[in-house]
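Notes follow once the structure below has been shown.
There are 2 protein chains.
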Amino acid sequence: MVRQIMRIGELARETGVSVRSLRYYEEQGLLPAMRSASGQRRYPEAAVGRVALVQQLYRAGLSSKTIAELMPCIDSHTSTPESRARLAIERERLDRQIRELIETRDELDRVIAQTVDPTVCTVQH
Amino acid sequence: MVRQIMRIGELARETGVSVRSLRYYEEQGLLPAMRSASGQRRYPEAAVGRVALVQQLYRAGLSSKTIAELMPCIDSHTSTPESRARLAIERERLDRQIRELIETRDELDRVIAQTVDPTVCTVQH
DNA sequence: GTAAAACCTGACATTGACGTCAGAGGCTGA
DNA sequence: TCAGCCTCTGACGTCAATGTCAGGTTTTAC
Numbered sequence: 060m061v062r063q064i065m066r067i068g069e070l071a072r073e074t075g076v077s078v079r080s081l082r083y084y085e086e087q088g089l090l091p092a093m094r095s096a097s098g099q100r101r102y103p104e105a106a107v108g109r110v111a112l113v114q115q116l117y118r119a120g121l122s123s124k125t126i127a128e129l130m131p132c133i134d135s136h137t138s139t140p141e142s143r144a145r146l147a148i149e150r151e152r153l154d155r156q157i158r159e160l161i162e163t164r165d166e167l168d169r170v171i172a173q174t175v176d177p178t179v180c181t182v183q184h
Numbered sequence: 060m061v062r063q064i065m066r067i068g069e070l071a072r073e074t075g076v077s078v079r080s081l082r083y084y085e086e087q088g089l090l091p092a093m094r095s096a097s098g099q100r101r102y103p104e105a106a107v108g109r110v111a112l113v114q115q116l117y118r119a120g121l122s123s124k125t126i127a128e129l130m131p132c133i134d135s136h137t138s139t140p141e142s143r144a145r146l147a148i149e150r151e152r153l154d155r156q157i158r159e160l161i162e163t164r165d166e167l168d169r170v171i172a173q174t175v176d177p178t179v180c181t182v183q184h
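So the sequence lines, in the order shown, correspond to chains A and B.
In this text, residue positions in the first sequence follow our numbering: the first is 60, and each later residue adds one.
In this text, residue positions in the second sequence follow our numbering: the first is 60, and each later residue adds one.
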């Protein structure tokens, strides 16, 4: 049951990300949080998507510093010349990384093909 | 000038990998080294390719432990049932990672398209 | 033969994204 | 109002790959 306004524990459950990490994301400027009168973090529903995006960018190899620098253009749909350059750089980095991973996957495929146990019958489809 | 038998410093220059890292690779069982009478490491020319492969697998997100487990089948062109399973698992992981990175690249492309400064004339090709 | 350069081992430092714990305060149901 | 859970800050721990340093030996160049 997703509420309009969430406490940190609920956001953690919704996203599968630890409470510790959500605090860390705030510290790094990746996930702004409102505060209740007593100082507890409160998140809007949109935070769920934001956390998913942050994790996706982490898995793509971006550092929190880089993500923090790109977030403003993602949020505002606008960019400065510097942030455009940054976006282009990261896009190119990703592109190179994808090409290299494909090469590595092919390399692994070759290894797999070479190491198939010849005593095992391979069925022709 | 590549010699038949290299000392660690030359291998480091050839590969662009630090001496420290080469020692670490040996410690992790990724890069075997012969020893001279006085105990210094000696590498055959083939070590250059081996180091490149190790680095490629690192960049693909494999840990040194995983690489160490896969090295025997890469070297011997044979495999045990366990190492075959390991190869398959890592191949699948790579495949998923590639698909996710492509999604992320597309995501970045959308961000870039959205943030193009509308005051700049875009030329139609 | 000697100085410089390269090498050795062993140990501690670093970085980033967290885990974990302590000690204190906040919130909710009976 | 009390129990029990949730949250807070701050600090230290972790892990993997690598940097860095110390103190000592080996190799190379002159």
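Glycine is no exception: its CB is placed at the ideal position from the N, C-alpha and C atoms.
- At a cut-off of 7 angstroms between C-beta atoms, Val78/B does not count as an interface residue with respect to chain A.
- As the crow flies, the alpha-carbon of Ile171/A is around 28 angstroms from that of Gly75/B.
- Proximity to Arg100/B across Leu70/B, Gln114/B, Thr139/B, Arg118/B peaks at Leu70/B, based on C-alpha coordinates.
- Flagged as an interface residue toward chain A: Leu160/B, by a C-beta distance shorter than 7 angstroms.
- Rounded to whole angstroms, Glu166/A and Ala147/B show a C-alpha spacing of 12 angstroms.
- When Cβ-Cβ separations below 7 angstroms define contact, Thr137/B makes contact with chain A.
- CA-CA distance, His136/A to Ser122/B, rounds to 37 angstroms.
- Contact annotation: in the segment 140-156 of chain B, residues whose CB is within less than 9 angstroms of a CB in chain A are Pro140, Ser142, Arg143, Leu146, Ala147, Glu149, Arg150, Leu153, Asp154, Gln156.
- Arg100/B carries a strand assignment under DSSP once its states are collapsed to helix, strand and coil.
- Counting only Cβ-Cβ distances below 7 angstroms, Leu167/A has contacts in chain B at Leu146, Glu149, Arg150, Leu153, in chain order.
- A distance below 7 angstroms separates the beta carbons of Thr174/B and Ser138/A.
- Not one beta carbon of chain B lies nearer than 7 angstroms to the beta carbon of Ile126/A.
- By the rule that beta-carbons nearer than 7 angstroms mark a contact, Ala106/A does not touch chain B.
- The Cβ-Cβ distance between Glu85/B and Ala92/B falls below 7 angstroms.
- Take Tyr117/B, set aside five residues on each side of it, and no residue of its chain has a beta-carbon closer than 7 angstroms to its own.
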